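Position one of the sequence shown corresponds to residue 254 (my numbering), numbered consecutively onward.
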Amino acid sequence: FFFFKQKTAYEMLRSLVGSEMCIRDSKQIIKPSLEHSIKLGVFVCAYKTVLALLEYLTGRKSPHNSLFAGFICSLVFTQETSVNKQITYYLFSRVVIGGLKNLAAKKKIPSVKRQKGFKILTMLCWAIVMYLFEDDAQCLEPSLQSSMRFLYKDSDYMRNWQDFVPFYIPKVL
């Protein structure tokens, strides 16, 4: 219930502020929010259960138990829905950052100041996405392909003066 309550309030506010969406459109928010909160709730319960079982069987706490429990319980998120993708992509970005911090703390890679680390990560991310877009755009997510095609390819050609206006202008003008 906690996940649904927090997620729904946040999504409703985010969608309604600065938009023309009204309360009757809230189904578009409630359904994914409910899916998100139920899946997180199921994952938490399953993870804690599997982790407790592993700790009981091995007789000790271990990060390896957490790894295995997380792997098994992640089956909750393996169906490719927009909610599961959003959760997984969010986690992946956080895991990369956390993994780099962990390696730096263990002196396996050089430690970098936070601002410099973000700058390096940003530069690598943009360099890789631009390379992938030029080399093989099909490997990118369709929505990213579409946005990048619009920004970097379609913008090479101007159809008329309306291309320079940052909002929609009806054809009657």
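For each residue, glycine too, the CB sits at the ideal point set by N, CA and C. Owing to the predicted nature of the structure, the values given are computational and were not obtained by experimental measurement.
Closest by CA to residue i, which one among the options?
i           : options               : result
residue 347 : 359, 374 and 325      : 374
residue 398 : 410, 286 and 383      : 383
residue 394 : 282, 283, 370 and 339 : 339
residue 296 : 319, 284, 312 and 406 : 319
residue 367 : 333, 351, 381 and 403 : 351
If the criterion is Cβ atoms closer than 7 Å, does the pair residue i and residue j meet it?
i           : j           : result
residue 301 : residue 308 : no
residue 386 : residue 401 : yes
residue 329 : residue 361 : no
residue 288 : residue 336 : yes
Ignore the nearest five residues each way along the sequence and tell me which others in residue i's own chain have a CB closer than 8 Å to its CB.
i           : result
residue 303 : 321, 322, 325 and 326
residue 331 : 337
residue 341 : 330
In chain order, what residues of the same chain lie with their CB nearer than 6 Å to the CB of residue i, ignoring the 5 residues before and after it?
i           : result
residue 364 : 357
residue 256 : Since pLDDT at residue 256 reaches only 47, below the 50 mark, its modelled position is unreliable, and no value is offered.
residue 258 : Low per-residue confidence applies at residue 258: pLDDT is 49, beneath 50, and the placement is therefore not dependable, though the value from the model is reported in the following sentence. So no residue of the chain qualifies.
residue 354 : none
residue 415 : 422
residue 359 : none
Exercise for the section: Give, in chain order, every unbroken run of the beta strand (DSSP E) that is at least 3 residues long and sits entirely within the region 340–388. Expected result: none
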